[in-house]
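In my numbering, the protein residues as written are 5 to 454.
The beta-carbon is built from N, C-alpha and C at its ideal position, and this holds for glycine as well.
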Ligand SMILES: Cc1cc2nc3c(=O)[nH]c(=O)nc-3n(C[C@H](O)[C@H](O)[C@H](O)COP(=O)(O)OP(=O)(O)OC[C@H]3O[C@@H](n4cnc5c(N)ncnc54)[C@H](O)[C@@H]3O)c2cc1C
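Okay, structure coming up:
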């Protein structure tokens, strides 16, 4: 007799609805890059996404600044990430500082800081302006749809991954829950870009349970951003007082709690941050939504009454996806540490890069499952290392390399773990990306047996 709180499930069969060389699960920044990169290498690719749009946290989570893509004035993340930025900019959906403005100085700071396009990891004042981009979430969806169609990726939205098909230690495909029932998709290589390591965990790969604050990101409309910025500089004492109270009301934000977006009068609010919640638990996810909205409307009441520029503001939208920074983290062939990130350690098998740090191929390979690659915010890193290396551009860099690695595995008929990292770098470079194989002057070279 099973315990009363366990319901037995009857075994059955699931129709196979698609087969491809490469199956990518999760259409966020990493998954988008992986799918396009693998397809551009000539593979057939199926991309699976649970929500009705592509972009993950970048669009549905309304995370609207692309950063961590510079080492001083060197632009470190190129490839599909830059392609996305340039295409969005061409349709007015992204804004970034021109090369001549990427420097330190109050003139450029006052222009670009309201967009959040400055080096936020240095304490020097004013922070230097660097390559970073502010974008519109629907612009992201539009451009990714275009690029996915141009590449010829077979996209399956509204498909929620639920089960890994594993045979003799090798993943052979996935099962998704859909309105049409359960569906199986088979592939030679599967790439887990779900952000929460759903596929690798289900396939039996080792992982650790990470956690970090969550955020119900939102946008306000009807904001006079010029008036708000004038208040900041012309009456700094009054500004400091009101701004402090605004932050107290929202209860958890970065120094600048609102930033400009490409849409005039609409600002992005990367807050309120909430701690002590487990983003893998339905109860905590639900609590975050209710508590986040309560704080957002309290802030709106306060700034309408007290903050110049916000008198007529209103809530445009709260991000449809909860802002989850960290949950499960792969325990792969190598686990990247905070020291590796902080000391810019360069590995013999570096295949991707972020700001000034590098990602070894081993951090994308599960130890215990074959045929599987992992890219994005759930890659193999310690909790503290991931907090410093999980921004959208580095996730796209990893995704592009994973897509290329999968394609190389398919064409050679070998397991992904046997693919030569140097071959991955060569193909990523041919695609216009910078896989970080050539260390910058300030990198620390790690001598490791090849
Ligand atoms: C509030 C917040 C603020 C941030 N600020 C910044 C910032 O300013 N700049 C920056 O660059 N980065 C920022 N980040 C980090 C960045 O947004 C993420 O680390 C990045 O989006 C990770 O990309 P990803 O593709 O790995 O994962 P995600 O963006 O999480 O994408 C995962 C995708 O997989 C899909 N998926 C998940 N599970 C399943 C399933 N079971 N079946 C099918 N599909 C599934 C999801 O719907 C999603 O589309 C922020 C993050 C948060 C939460």
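Residue state for residue 148 is assigned as helix, using DSSP reduced to three classes. For ligand 1, a non-hydrogen atom lies closer than 8 Å to the CB of residue 197. Nearest Cα to residue 168 within the set 155, 66, 189 and 361: 189. Under the Cβ criterion (8 Å, minimum of three pairs), the region 339-359 counts as touching the region 438-451.
Of the other Cβ atoms in all chains shown, 16 or more fall within 10 Å of the Cβ of residue 264; this residue is therefore buried.
Shortest gap from the CB of residue 200 to any heavy atom of ligand 1: under 8 Å. In the DSSP annotation of this structure, the continuous segment of the alpha helix (DSSP H) that includes residue 428 starts and ends at 425-434. Inclusion of residue 386 and residue 341 in the CB contact set at 9 Å is warranted, their separation being smaller than that value.
In the DSSP secondary-structure assignment, residue 154 is not bridged to any residue.
Taking 9 Å as the cut-off, the beta carbon of residue 261 is found closer than this to the beta carbon of residue 250.
Its Cα nearest to that of residue 332, the residue 380 stands out among 301, 380, 358 and 144. Counting every other CB atom within 10 Å of its CB across the protein chains shown gives residue 364 a total of 16 or more, marking it as buried. Sixteen is the threshold: when 16 or more other Cβ atoms of the shown chains lie within 10 Å of the Cβ of residue 338, as they do, the residue is buried. Take the alpha-carbon of residue 131 and the one of residue 105: they are about 12 Å apart. Residue range 83-94 is occupied by the alpha helix (DSSP H) that includes residue 83.
Just so you know, the alpha carbons of residue 429 and residue 61 end up roughly 27 Å apart. Annotated three-state conformation of residue 75 is strand, per DSSP. Between the alpha carbons of residue 248 and residue 100 lies a gap of roughly 28 Å. Counting every other CB atom within 10 Å of its CB across the protein chains shown gives residue 8 a total below 16, marking it as exposed.
Each of 11, 51 and 143 was checked against the Cα of residue 157, and the nearest Cα belongs to 51. Contact between the region 132-139 and the region 297-305 is absent: fewer than three C-beta pairs spanning the two stretches fall below 8 Å. If you check the C-beta of residue 265 against ligand 1, you find no heavy atom less than 8 Å away. By the Cβ test, the region 355-375 is not in contact with the region 319-332, since fewer than three Cβ pairs between them sit closer than 8 Å. Residue ranges of uninterrupted alpha helix (DSSP H) with 4 or more members, entirely inside the region 232-257 and ordered along the chain, are 240-254. Within the region 254-324, complete alpha helix (DSSP H) segments of at least 4 residues are found at 286-310, given in chain order. If you check the C-beta of residue 300 against ligand 1, you find no heavy atom less than 8 Å away.
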